[in-house]
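These notes are about the structure you will find just below.
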Amino acid sequence: MRDLPLRVPQKEAASGMDHPLFVSWPSEGKVAANWGDKLNPILVQALSGREVSNSKPATGWDGRSVYRVIGSGLANTRPHHEVWGMGFKFFSEKINAPPRKIHAVRGPLTRGKLISMGIDCPGVFGDPAVLYPLIYYPTIQIVYDIGIIRHINEQELPEDTFPISPEIHRLNIDITGEINSVVDAILSCRMIVSSSLHGIIAAHAYGVPAFQRFGIRRRDCRPAMASSSTIISQASESHRMSNAPLMGAEGYLGPNVTR
85 MRDLPLRVPQ KEAASGMDHP LFVSWPSEGK VAANWGDKLN PILVQALSGR EVSNSKPATG
145 WDGRSVYRVI GSGLANTRPH HEVWGMGFKF FSEKINAPPR KIHAVRGPLT RGKLISMGID
205 CPGVFGDPAV LYPLIYYPTI QIVYDIGIIR HINEQELPED TFPISPEIHR LNIDITGEIN
265 SVVDAILSCR MIVSSSLHGI IAAHAYGVPA FQRFGIRRRD CRPAMASSST IISQASESHR
325 MSNAPLMGAE GYLGPNVTR
């Protein structure tokens, strides 16, 4: 993580800083509301000091680079794309076309997969969302024992799908909420349990213990975690919860959790 560059590459600087950086991120559908996807323009603009435009509806960009930053859309890269931290959604995916340049990817498995396809990839790892604390880091009082973050495809499931002892002070956190509101909610919890990859990433970025709980729709969660191989996911195979409140954690989080 520490090797992730703190500034978006500024290849177009010579042609004038008045031009926006083109970044590709979802602008419609359910995924457009997801925390990590919404963070793309905010993070890139803050770190680069440049205006940011979504390349999807943009015209007249004259072949300039389009950056792929936060997300799992690496399989959909194009020859004019530059990758800065993105990963694959499923390990079985293949890349459509080699990008113009890769500056960083989400994790070592992503790099290994690219190299196996003959695509050059540096050993620079980390989801760019881990840099958001450089931009926004409020002081929030801890008031909840545990925060529950559901995968975007589990938002409409009933609460008892994710059972937890009633005496535990819990907060349900909507991963589709406003960017800073999600951060505030995470910081108000002693720990996070999430079936959303970016719920895990956001919590660890802010120093809140987070534990992976694969959702009911496992197909939506497990491949992303397995293929991204973020530093966080590498540590998620087993956990010691010595500071966890008594809540029947083993039953909730799965057999790999110990106290």
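Numbering (this note's numbering) for the sequence shown: 85 to 343.
For each residue, glycine too, the CB sits at the ideal point set by N, CA and C.
{"Asked": "Which partner residues of Q296 appear in the DSSP bridge assignment?", "Found": "S278"}
{"Asked": "Are the Cβ atoms of I276 and I126 separated by less than 9 Å?", "Found": "no"}
{"Asked": "Measure the beta-carbon distance from I260 to W168 and round it to whole angstroms, keeping in mind my assumption that it falls under 8 Å.", "Found": "Contrary to the premise, residue 260 reads as Thr rather than Ile in this sequence. That belief does not hold up - the Cβ atoms of T260 and W168 are roughly 24 Å apart, past 8 Å."}
{"Asked": "Once DSSP output is grouped into helix, strand and coil, what is the label at N256?", "Found": "strand"}
{"Asked": "Say whether the segment 159-175 touches the segment 191-201, bearing in mind that this needs 3 or more beta-carbon pairs closer than 8 Å, one atom from each stretch.", "Found": "yes"}
{"Asked": "Is the beta carbon of R184 less than 9 Å from the beta carbon of P163?", "Found": "yes"}
{"Asked": "Which residue from H165, Y290, C273 puts its Cα closest to that of N67?", "Found": "Nothing about residue 67 can be read from this structure; the chain reaches only from 85 to 343."}
{"Asked": "Going straight from the alpha carbon of D204 to that of L198, what length do you get?", "Found": "7 Å"}
{"Asked": "Less than 9 Å separating the beta-carbons of H235 and S265?", "Found": "no"}
{"Asked": "Near A257, what residues of its chain come up, given a Cβ to Cβ distance below 6 Å and the 5 sequence neighbours on each side ignored?", "Found": "Reading off the sequence shown, one finds Ile at residue 257, where the question assumed Ala. Answer for I257: G231, I233, A269, listed in chain order."}
{"Asked": "Among A181, N237, L255, which residue has its Cα nearest to the Cα of W115?", "Found": "One detail in the question is off: residue 115 reads as Val in this sequence, not Trp. Ranking A181, N237, L255 by Cα distance to V115 puts N237 first."}
{"Asked": "With a CB to CB cut of under 7 Å and the five nearest residues on each side skipped, what residues in its chain are close to N160?", "Found": "N180"}
{"Asked": "Look up A269 in the DSSP assignment and give the residues it is bridged to.", "Found": "The partner list for A269 (beta bridge, DSSP) is empty, contrary to what the question assumes."}
{"Asked": "If you compare alpha carbons, which of D121, F106, G202 is closest to G113?", "Found": "D121"}
{"Asked": "List, from N- to C-terminal side, the beta strand (DSSP E) runs of 3 residues or more that fit wholly inside the segment 108-195.", "Found": "136-138, 150-152, 165-168, 185-188"}
{"Asked": "So for G210, helix, strand or coil by DSSP?", "Found": "coil"}
{"Asked": "Looking only at its own chain, which residues have a Cβ that is under 8 Å from the Cβ of P222, when we skip the five neighbours before and after it?", "Found": "N264, V267, D268, L271"}
{"Asked": "Rounded to the nearest angstrom, what separates S249 and D229 at their Cα positions?", "Found": "11 Å"}
{"Asked": "Go ahead and pull the three-state DSSP assignment for Y228.", "Found": "strand"}
{"Asked": "Could you check the C-alpha separation between H103 and E135 for me, to the nearest Å?", "Found": "7 Å"}
{"Asked": "For I154, does the count of other Cβ atoms within 10 angstroms reach 16, so buried, or fall short, so exposed?", "Found": "buried"}
{"Asked": "Rounded to whole angstroms, how far is the Cβ of V208 from the Cβ of V150, which I believe are closer than 8 Å?", "Found": "No, V208 and V150 are not in contact; Cβ-Cβ is about 19 Å, not under 8 Å."}
{"Asked": "Measuring CA to CA, which of L105, V128, V189 is closest to R148?", "Found": "L105"}
{"Asked": "In angstroms, rounded to a whole number, what distance separates the CA positions of Y220 and I252?", "Found": "29 Å"}
{"Asked": "Quickly, what does DSSP pair L105 with across the bridge? List them, please.", "Found": "V136"}
{"Asked": "Among all the DSSP beta bridges, which residues are the ones paired with I233?", "Found": "I257, S278"}
{"Asked": "What is the rounded straight-line gap between the Cα of C305 and the Cα of G133?", "Found": "At C305 the pLDDT is 35, less than 50, meaning the model places this residue with poor confidence; the figure from the coordinates comes in the next sentence. When rounded, the distance between both Cα atoms is 34 Å."}
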